[in-house]
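Peer 1: First the structure, which I've put down as C-alpha cells, then a few questions once you've had a look.
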Amino acid sequence: MPSTAGQVIRCRAAVAWEAGKPLVIEEVEVAPPQAMEVRLKILYTSLCHTDVYFWEAKGQTPMFPRIFGHEAGGIVESVGEGVTELKPGDHVLPVFTGECKECAHCKSEESNMCDLLRINTDRGVMIGDGQSRFSINGKPIYHFVGTSTFSEYTVSHVGSVAKINPLAPLDKVCILSCGISTGLGATLNVAKPKRFNGGSIRIGSSWPCCARIAGASRIIGVDLNPKRFNEAKKFGITEFVNPKDHDKPVQEVIIEMTSGGVDRSIECTGNVNAMISAFECVRDGWGVAVLVGVPHKDAEFKTHPMNLLNERTLKGTFFGNYKPRSDLPSVVEMYMNKELEVEKFITHQVPLSEINKAFEYMLEGDGLRCIISMDE
Ligand SMILES: [Zn+2]
Ligand SMILES: [Zn+2]
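Residue numbering for the sequence shown follows my numbering, starting at 43 and increasing by one per position.
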C-alpha cells in the first residue's frame, strides 16, 4: 500500500456551509500533520448534541464553513514532527478536549482542564500555526473542537487523541469519546456516589446506566420527551418525571417524591432552568448537583444562597473529570470487561452520505446515538 504520509489527502467530508442547513458531502483536501499533530483515518463517528448545538449556532458564535463531529474512532494514518506516543496504525479516539501532560492542570490529580488544549469552541484552526488543515479548492474550512470527525481524514493535536485497545470495536467504543464518558465521569468521579450506596439520583434520562454502575437504588429520570421513558427503562431508570406533567416546579416534585431531595443530581441538557432545578432538588446536608451540559452563552444561574448554606454542593464538570489520554483507555477497558454497556445507546446507523438523517433523528428526539460509518 503506497504511503500517504507527508502528502495532501483528498477525501469525503460532510461540510456545514451555513448554520442550520443540511451538511453537504464534499471532496476536501486534508493537509499533512504538522509538529505535535496526527492525521487520523476516521472509521466511525456519531452525532452528539454539541454538534447540533454549534451547527444551529443559535446560542453560540457562528463559524462556517466548518466540519463538525467529535465522537469518533479511527486509526492513525501519519504523525507530525515530535510525536512519539502515537504511530501509524494505532487505534484511537479523538477527544474534544486535550491533555498536554505538562501544564499545571495536567500535572494536578484533580483537574482535566489542560491549559493548552482545553476545549475552545471558537477556535476553528490548529493551535500550532493558526491554520486549518482542511480546504476545498484552496478555501479553508474551519475545524471544530480539534476533532472534526465528519471527514474520512482529520488532523488533531496529539494531546487530544487517546490510544486505546486495538481489539475494541471502533463502531461501538467511538461513542465513549464524549457523551457516555462524560455521564460516567460526572457520576463516578465528580458526584462521587461511593458515599451514598443505595441512595437516590436525579439524572437526564439517557444516562441512568451510569447511575446504576454507581450503585444508586432510586434513579429518577427527568425528560421533556415522554418517548425517552421506555428507552430509559432499559437502562435501569426506576422513576420518570416529565416537567410538563406537573403544574409546580419539577424540583418540588422530586423533593416530595424523595421526602427531602435526592442525594445526587446530574444535569446534562445545558438548559439553565434545568440546571437550577437539578441543584434545587438535592437534599440539604449532603446533596451534590453536577452540571454537565453546555449552556447558552448569555445564561445566568440564579438560586438563593441559602440553598448552598444548607450544605448542598453545586459542581460543574467537563468530560467527567477524565483526562483524555490517561483515563479514556480505562473507560474502553470497562466496556471490554462488560462493566459498561455501550450497544444500548446505539439506536441508528447511517453511511456518511446520509449523515443528515442523523441530525433529523436527534432533532426529533428519536433514539440516542446514531453511528455514521465513513466507509460506505
Ligand atoms: Zn459530545
Ligand atoms: Zn495540559
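The C-beta atom is built at its ideal place from N, Cα and C for all residues, glycine as well.
Taking DSSP's pairing of strands, which residues face Lys181 in a bridge?
Peer 2: Partner(s): Ile178.
Peer 1: Which ranges would you report for the beta strand (DSSP E) in the stretch 238 to 299 if only whole runs of at least 3 residues count?
Peer 2: Counting only runs of 3 or more, we get 242 to 246, 260 to 264 and 281 to 283.
Peer 1: Once DSSP output is grouped into helix, strand and coil, what is the label at Leu333?
Peer 2: Note: Leu333 maps to strand in three-state DSSP.
Peer 1: Quick one: residues in its chain with C-beta nearer than 6 Å to the C-beta of Met376, no 5 flanking neighbours on either side, listed in chain order?
Peer 2: Correct list, in chain order: Leu382.
Peer 1: Over what stretch of residues does the alpha helix (DSSP H) that includes Cys148 continue unbroken?
Peer 2: Looking at the DSSP string, the run of the alpha helix (DSSP H) that includes Cys148 is Ala146 to Lys149.
Peer 1: Taking the DSSP output, what are the residues bridged to Gln76?
Peer 2: DSSP output for Gln76 lists no bridge partner at all.
Peer 1: Taking Cβ to Cβ, would you say Val374 is nearer than 8 Å to Ile206?
Peer 2: Yes, they are a contact pair.
Peer 1: When the distance is taken between beta carbons, is Phe192 closer than 8 Å to Ile413?
Peer 2: The answer is no: Cβ separation not under 8 Å.
Peer 1: Is the closest heavy atom of ligand 2 to the C-beta of His420 under 7 Å?
Peer 2: No information on residue 420 is available, as it lies outside the stretch 43 to 418 that the chain covers here.
Peer 1: Asp289 and Leu85 - do their beta-carbons sit closer together than 8 Å?
Peer 2: No, the pair does not count as a contact, with Cβ atoms beyond the cut-off.
Peer 1: Of the choices Cys145, Met155 and Ala61, whose alpha-carbon is the least far from that of Val137?
Peer 2: For the residues Cys145, Met155 and Ala61, the minimum Cα distance to Val137 belongs to Met155.
Peer 1: Considering only their Cβ atoms, is the gap separating Met78 from Gly124 smaller than 8 Å?
Peer 2: Cβ atoms of Gly124 and Met78: closer than 8 Å.
Peer 1: Have a look at the DSSP bridge pairing and note the partners of Arg4.
Peer 2: Missing from the structure shown is residue 4; the chain here goes from 43 to 418 and no further.
Peer 1: So Ser307 packs on Arg244, CB below 8 Å; how close in whole Å?
Peer 2: The Cβ separation is near 4 Å, so the contact holds.
Peer 1: Could you give the distance in angstroms between the alpha-carbon of Ile183 and the alpha-carbon of Gly172?
Peer 2: Rounded to the nearest angstrom, the two C-alpha atoms are 13 Å apart.
Peer 1: From Gly329 to Leu351, what does the alpha carbon distance come to, in whole angstroms?
Peer 2: Distance between the alpha carbons of Gly329 and Leu351: 12 Å.
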